[in-house]
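Down below is the structure, laid out as C-alpha cells.
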Amino acid sequence: MLCTVLFVAAFVHCGRVQSSVAEASELQVNHRVVKSGLSDPWDLAFAPDGTMLFTERCRGLSVRTSDGTVRRLFGTAGAALEAGDFFCQGQSGMLGLALDPAFSENRYIYVYMASNRGKAKTNCVVRLTVDKSYTGVANRKDIVTDIPFKQSFNLWGGAGAHSGGRIRFSPFDGYLYVTTGDNHNGSLPQDLSRLGGKILRINRDGKAANGNNTPFGGDPRIFTYGHRNVQGIAFRPGKGQPFICEHGPGHNDEVTPLAAGGNGGWDPAPTKGVSCASNYCGYTSNKPGGTPTPMTDVARFPNALKPSWNNRGISEGMGPCVFLEGPHWKAWEGRLAVGFLRGARIELLQMDAAGMTTKTTTVANLPSQRIRSLVLGPVGAIYVATDAGEIWRLESAGK
Ligand SMILES: [Ca+2]
Numbered sequence: 000m001l002c003t004v005l006f007v008a009a010f011v012h013c014g015r016v017q018s019s020v021a022e023a024s025e026l027q028v029n030h031r032v033v034k035s036g037l038s039d040p041w042d043l044a045f046a047p048d049g050t051m052l053f054t055e056r057c058r059g060l061s062v063r064t065s066d067g068t069v070r071r072l073f074g075t076a077g078a079a080l081e082a083g084d085f086f087c088q089g090q091s092g093m094l095g096l097a098l099d100p101a102f103s104e105n106r107y108i109y110v111y112m113a114s115n116r117g118k119a120k121t122n123c124v125v126r127l128t129v130d131k132s133y134t135g136v137a138n139r140k141d142i143v144t145d146i147p148f149k150q151s152f153n154l155w156g157g158a159g160a161h162s163g164g165r166i167r168f169s170p171f172d173g174y175l176y177v178t179t180g181d182n183h184n185g186s187l188p189q190d191l192s193r194l195g196g197k198i199l200r201i202n203r204d205g206k207a208a209n210g211n212n213t214p215f216g217g218d219p220r221i222f223t224y225g226h227r228n229v230q231g232i233a234f235r236p237g238k239g240q241p242f243i244c245e246h247g248p249g250h251n252d253e254v255t256p257l258a259a260g261g262n263g264g265w266d267p268a269p270t271k272g273v274s275c276a277s278n279y280c281g282y283t284s285n286k287p288g289g290t291p292t293p294m295t296d297v298a299r300f301p302n303a304l305k306p307s308w309n310n311r312g313i314s315e316g317m318g319p320c321v322f323l324e325g326p327h328w329k330a331w332e333g334r335l336a337v338g339f340l341r342g343a344r345i346e347l348l349q350m351d352a353a354g355m356t357t358k359t360t361t362v363a364n365l366p367s368q369r370i371r372s373l374v375l376g377p378v379g380a381i382y383v384a385t386d387a388g389e390i391w392r393l394e395s396a397g398k
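Quick note on numbering that gives the first Met the number 0: the sequence shown kicks off at 0 and runs consecutively.
Next up, the structure:
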C-alpha cells in the first residue's frame, strides 16, 4: 500500500512535468526601459490616471508622475512621510504594493513591509492615503501587524529570509490577498494559528474576508495554508480563481490554483525519526530515508491543492506572475506570465478549463535579469521590475 501511495504521489508529481510541453514559437515583444538605476525595485502599481507607483526594498514607496517626476512618498529619511520602524534585512523590506479598487474615491495605497515597532520584528500590511497631486501620504494605518519575520540566522540562512510579500486585490471579489513565507521555520506552514506560509484574504481594514473557509480553530484571515515562500499571485480572467506562483527549494517551483480553506501540502517540519538542521526540512527530507520534502506532499495530504505546473524538478526562483489580458495579446491572451529570479526569464503558461497547464513558452529576446515584479499597466502592457534596478514596458510585437 505504501508503494502504491508513493507511486501515485510520484506519478502526480511527475505527471505535470510530462503534460506541459514547451511550444516551438515564442512571444515576441517590444521591450523598452522605462526607468533604471533603482535600488531593488520590488513591486509596481498603476493608478487609474496612469501614474506609476513603485517600492524599493530598502528605501520605500515612490511615485513617478505622468511628467516623469519621481517623488519618495514613504520610507526611510528623505521620504515625504518617514517610517521610523521600517527597515530592510535579508530578503525583507518594503515589498508588495497595491492600490485600492476604489482608489479614485478613497486614495488608499497598501504596502507590505518589515517593521521593528513591536518587541519582535514583523512583516506588516500598511494602508496610506495619497493626495491628488501625489506629493505626500498620510493616515497610516497598519491593517495587519503579525506576519512572522525570521528573527535571526539559522543553518539555512540569515534573518529576514522567506517573507513572501506580494499583495493584490482580486478584481472579482474585491478582497486583498497577502502572500507570506515560512521563515525557514519547519512548523509555520501547517500551523493555523500563525500567518507564515499562508495566503491571507482580508478587507481594506485588515479584517478576515467572508468565505475564507479557514479550518476550525485557525486564524480567520487565512485563506489557504501549507505554502513555502509565495511571491506571486494572479486572478484568472473570466473566472477569478486565484493562482499562486511559489518559490521552491531547489527541486521545484509551483503554480497552484487556490480554493478557500485549501492546504498547499508543504510541511517542512521533521516527522518522527527525522533530524533536520534547525528543525527545518525545507531542503532535505521530512521522512526517514525519503526524498526531499515535496512542495505538495500528496502522500501525507491527499486532499492538497493540486498544482497547475511545476518546474521540471528544478527551482529557478519563481517570483511574480500575472495573467495577460486584452485582445492585443492575440493568441497569448489569457496566459499566465511567470517571472523567475535565478532563471532570469518570463514564461507563459497556457491552461485548460480546469486551470491545469498544457503548454509553456518563453518571452523572447529579453535581457537576462532577475524578474521581481510583473503587472499589467496602461493599455494592457506588461511592466516588469528587475533586480538590476530597471522597470521595463513590454508590448506584444508578434502574432
Ligand atoms: Ca504545494
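Every residue gets a Cβ at the ideal spot worked out from N, C-alpha and C, and that includes glycine.
Fill in: Cβ pair count under 8 Å reaching 3, the stretch 327-345 against the stretch 290-297
no
Worksheet entry | Distance between residue 46 and residue 390 (C-alpha atoms, nearest Å) | 16 Å
Fill in: Nearest residue (CA-CA) to residue 258, options 182, 326 and 353
353
Worksheet entry | Three-way DSSP call (helix, strand, coil) for residue 384 in this model | strand
Practice prompt. Using 7 Å as the cut-off, classify the Cβ of residue 355 as near or not near the heavy atoms of ligand 1, replying yes or no.
Written response: no
Worksheet item: Assuming residue 388 and residue 38 make a contact with CB atoms under 8 Å, what is their CB distance in whole Å?
Response: 6 Å
Worksheet item: Is residue 255 near ligand 1, judged by its Cβ being under 7 Å from some heavy atom?
Response: yes
Discussion item. At a threshold of 7 Å, does residue 306 count as lining ligand 3 (C-beta to nearest heavy atom)?
Written reply: Annotation note on ligand 3: not contained in the displayed structure, which lists ligand 1 as its ligands.
Fill in: Whole-number beta carbon distance between residue 69 and residue 93, since they are thought to touch under 8 Å
Rounded, the Cβ-Cβ distance is 16 Å, inconsistent with contact.
Discussion item. For residue 122, report the span of its beta strand (DSSP E) as first-last.
Written reply: 121-129
Discussion item. What does the alpha-carbon distance come out to for the pair residue 108 and residue 168?
Written reply: 11 Å
Discussion item. Extract the residue ranges of the alpha helix (DSSP H) inside the stretch 234-265, only unbroken runs of 4 or more that lie entirely within it.
Written reply: none
Worksheet item: Taking 7 Å as the cut-off, does the CB of residue 178 come closer than this to any heavy atom belonging to ligand 1?
Response: no
Discussion item. Less than 7 Å separating the Cβ of residue 264 from some heavy atom of ligand 1?
Written reply: yes
Practice prompt. Provide the residue(s) that pair with residue 338 in DSSP beta bridges, ordered along the chain.
Written response: 345
Worksheet item: Is residue 14 helix, strand or coil when you go by DSSP?
Response: Low local confidence applies: a pLDDT of 32 at residue 14 is under 50, so the model's placement there is unreliable, with the coordinate-based value given in what follows. Here residue 14 sits in helix by DSSP.
Discussion item. So, with DSSP's three-state summary, where would you put residue 103?
Written reply: helix
Worksheet item: Does the Cβ of residue 241 have 16 or more other Cβ atoms within 10 Å, making it buried, or fewer, making it exposed?
Response: buried
Worksheet item: Within this structure, are the beta carbons of residue 248 and residue 289 separated by less than 8 Å?
Response: no
Discussion item. Considering only their Cβ atoms, is the gap separating residue 126 from residue 203 smaller than 8 Å?
Written reply: yes
Discussion item. Suppose contacts are defined by Cβ-Cβ distances below 8 Å. Is residue 75 in contact with residue 49 by that definition?
Written reply: no
Discussion item. Quick check: what's the CA-CA separation for residue 230 versus residue 112?
Written reply: 14 Å
Worksheet item: Counting Cβ pairs, one atom from each stretch, are 3 or more of them under 8 Å apart for the stretch 317-334 and the stretch 300-307?
Response: no
Item to complete: Could you check what DSSP says for residue 318 in three-state terms: helix, strand or coil?
Response: strand
Fill in: Where residue 178 falls, given that 16 or more other Cβ within 10 Å makes a residue buried
buried
Item to complete: Report whether the distance from the Cβ of residue 294 to the nearest heavy atom of ligand 1 is below 7 Å.
Response: yes
Worksheet entry | Spatial distance of residue 384 from residue 155 (CA atoms) | 27 Å
Worksheet item: When we look at the beta-carbon of residue 327 and count the other beta-carbons within 10 Å, is it buried (16 or more) or exposed?
Response: exposed
Worksheet item: What residues in its chain sit with their C-beta under 6 Å from that of residue 64, if we drop five residues either side in the sequence?
Response: 50 and 133
Worksheet item: Can you give, in chain order, each stretch of the beta strand (DSSP E) that sits fully within the stretch 163-244 and has at least 3 residues?
Response: 166-168, 175-178, 197-201, 221-224 and 229-234
Worksheet item: Nearest-angstrom Cα distance between residue 367 and residue 344?
Response: 7 Å
Item to complete: Taking only the alpha-carbon atoms, compute the straight-line gap between residue 299 and residue 138 and give it to the nearest angstrom.
Response: 46 Å
Worksheet item: Within this structure, are the beta carbons of residue 192 and residue 217 separated by less than 8 Å?
Response: yes
Discussion item. Check for me: the beta strand (DSSP E) holding residue 118 runs from which residue to which?
Written reply: No beta strand (DSSP E) holds residue 118; DSSP gives it neither H nor E.
Worksheet entry | Chain-order list of residues whose beta-carbon lies under 6 Å from that of residue 140 (same chain, five-residue window excluded) | 126
Worksheet entry | Buried versus exposed call for residue 148 [16 or more other C-beta atoms within 10 Å across all chains shown] | buried
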